[in-house]
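K.L.:
For the sequence shown, full-length UniProt numbering begins at 1 and goes up steadily by one. All C-beta atoms in this analysis are idealised placements derived from N, C-alpha and C, irrespective of residue type, glycine included.
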Amino acid sequence: VEAIVSGTRTLHKSNDYDLLTSWLGEGLLMSFGKKWATRRKIITPTFHFTILEQFVKSFDKQTNILVQKLKPCVGKGDLNIYTYTTLTALDIICETSMGAQIYAQDNPQTPYVQSVKAMSRIMFSRVFSIFRYFTYLYPLTPLFWEQRRHLKILHDFTKNVIVQRRGQLLAETNQSEPKNNRKFDEAMNVDFSSQTKGDDFKDLYLNRSGKEKLTFLDLLLKATVDGKPLSDADIREEVDTFMFEGHDTTTSGISLTLYHLSQYPDIQEKVFQELNRIYDGELGENLQVTYNHLQDMKYLEMVIKESLRITPPVPIFGRRATEDIIVGGMKIPAGVNMSISVYAMHNCEEFYPNPTKFDPERFTNENSRDRHPYSYLPFSGGPRNCIGQKFAMLEMKMTISKILMNFKLLPHDPAAKLVLQGDLVLKPVDGVYLKILNRNEV
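Written out as structure tokens, the structure reads:
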């Protein structure tokens, strides 16, 4: 696995990913070679800790809305937490990536929200149909035309946000430098083909007043490659990729962790006691959660890691050999597609004794020290690992901790088994049903 995931001759995604091209274009997930390396360099600063600190404010705001939405569900046994966390994740990813408010939690029937859900369903359905899988047959199916409708909604939304934000940044630049009439691309753009380093990027997120932090979209609007700004199409590809990768996987991770916590009250109580300690017993609705608070949630992080082990949101991923390679004494010819089963590896007795047992203690420093680093790949690994994994972990911590501060989780039906399916991400067939009680009434 390590040889395939970390090798320079297996950096290309497998051919199955081509199904996503109509939606994501040649964004970071789909690109390769020089284009991929350049885009990776551009996007990496978005996840600098100084930027993540600002994103936490959005996490805090949107999860407060989630708590309010869950209150009417207290005491009922038919709460599908997956539905709620999906909408929260969409609100978070839209606000942090584009600075746009889609109010998914308040209005889940908006066209954009519905199109995001529909595209995930459509992409997955193509894998299992000859007529839908092959590009020359796909236009003969009704699903092709449904996909076109949804793509227009998604792409038009992103394009409009890009145009509006570009205009705002240009106006801000002109207002802040009235005596210096430099063009926008001179005043704002940074050339990522140069050797700019690490901490130099964090200042890009300060506007001219030095107060307001900018978004993922703003960095892309400021970036240049070889002296040229990214086109609107380039930017749309990256924003759409961020949207795609940043909501479904996180929703799965959050919902399944909450499910596991509902099944293990002792572990849930231990997480709650950690939160109680971090906030000195001052838990409540108006509590503002900060980046440092989230960093202190060590046991909750272990719980999330164990959930990602036993039910990884991305259960399988693919690579393609661009040259002949030797792996374990076996020759793999150029052009061969390879699949890595994260689910199988995470549930392997060799790496995880009694693998079906939910045990967060597997991820103490002591227990993790001697484990092979490529035996745990919830965010993939090697050069093409998930660039947003720190973002995702902070979002999962925020959402789960906010729910546990306010509610106690109980099983919907202690005898029922969770049935999962491998969609674009690992997700429950019929949702994740829980029962919640108010913490202050338990």
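Look at the alpha carbon of Gly388 and the alpha carbon of Gly246, and state the distance between them as a whole number of angstroms.
P.N.:
Approximately 8 Å between the Cα atoms of the pair.
K.L.:
I'd like to know whether the C-beta atoms of Leu256 and Val303 end up nearer to each other than 8 Å.
P.N.:
It is not a contact, given that the beta carbons lie outside the stated cut-off.
K.L.:
Three-state secondary structure (DSSP) at Gln105?
P.N.:
Here Gln105 sits in coil by DSSP.
K.L.:
Alpha carbon to alpha carbon, how far is Pro229 from Lys222?
P.N.:
Between Pro229 and Lys222, the C-alpha separation is close to 7 Å.
K.L.:
Which word fits Gln268, buried or exposed, when buried means at least 16 other C-beta atoms lie within 10 angstroms of its C-beta?
P.N.:
When all chains shown are included, Gln268 counts as buried.
K.L.:
Determine whether the beta carbon atoms of Leu418 and Lys435 lie at a separation below 8 Å.
P.N.:
The answer is no: Cβ separation not under 8 Å.
K.L.:
Is it buried or exposed for Tyr205, if we count other Cβ within 10 angstroms and need 16 for buried?
P.N.:
The predicted position of Tyr205 is uncertain, since its pLDDT is 43 and thus under 50; a value taken from the coordinates is nonetheless stated next. So Tyr205 counts as buried.
K.L.:
At which residue ranges does the region 22-107 contain complete beta strand (DSSP E) runs of 3 or more residues, listed in the order of the chain?
P.N.:
If we require 3 residues or more, the region 22-107 turns out to have no beta strand (DSSP E) run fully inside it.
K.L.:
Can you name, in chain order, every residue of its own chain whose Cβ lies under 6 Å from the Cβ of Cys94, other than the five neighbours on each side?
P.N.:
If we look at Cys94 and ignore the five residues flanking it on each side, its Cβ neighbours are Ala100, Ile102.
K.L.:
Tell me Val327's beta-bridge partners as DSSP assigns them.
P.N.:
In the DSSP output, where bridge partners are listed per residue, Val327 has Met330.
K.L.:
So, helix, strand or coil for Ile130, using DSSP?
P.N.:
Reduced to three states, the DSSP call for Ile130 is helix.
K.L.:
Could you pull the start and end residues of the beta strand (DSSP E) that Ile340 belongs to?
P.N.:
It spans 337-341 - the beta strand (DSSP E) in which Ile340 sits, taken as one unbroken run.
K.L.:
For Asn440, which option in Val432, Val429, Met405 has the closest C-alpha, if you only look at C-alpha atoms?
P.N.:
Checking every option, the nearest Cα to that of Asn440 belongs to Met405.
K.L.:
Taking the alpha-carbon of Pro45 as reference, which of Phe244, Gly25, Phe216, Tyr84 has the nearest alpha-carbon?
P.N.:
Of the candidates Phe244, Gly25, Phe216, Tyr84, the one whose C-alpha sits nearest the C-alpha of Pro45 is Phe216.
K.L.:
DSSP state of Arg9, grouped into three classes?
P.N.:
Here Arg9 sits in helix by DSSP.
K.L.:
Kindly indicate which three-state DSSP category Leu204 falls into: helix, strand or coil?
P.N.:
Because Leu204 sits at a pLDDT of 44, beneath the cut-off of 50, its placement in the model cannot be relied upon, and the point is left open.
K.L.:
Are three or more beta carbon pairs between the region 120-130 and the region 138-146 nearer than 8 Å?
P.N.:
Yes, they touch.
K.L.:
For Arg40 and Glu53, I'd like the C-alpha separation in whole angstroms.
P.N.:
Looking at the two C-alpha atoms, the distance is approximately 21 Å.
K.L.:
Looking only at its own chain, which residues have a Cβ that is under 7 Å from the Cβ of Gly77, when we skip the five neighbours before and after it?
P.N.:
Taken in chain order, the residues that qualify are His412, Lys435.
K.L.:
How about Ser14 and Asn337: do their beta carbons lie closer than 8 Å?
P.N.:
Yes, they are a contact pair.
K.L.:
Starting from the C-beta of Tyr82, find all residues in its chain whose C-beta is less than 6 Å away, skip the five residues before and the five after it, and write them out in chain order.
P.N.:
The residues are Ser255, Gly431, Val432.
K.L.:
Can you list, in chain order, the residues of its chain whose CB lies under 8 Å from that of Lys179, leaving out five sequence neighbours each side?
P.N.:
Interpretation of Lys179 is limited by its pLDDT of 44, a score under 50 that renders its predicted location unreliable; no figure is taken from the coordinates.
K.L.:
From what residue to what residue does the beta strand (DSSP E) around Thr224 run?
P.N.:
It spans 223-225 - the beta strand (DSSP E) in which Thr224 sits, taken as one unbroken run.
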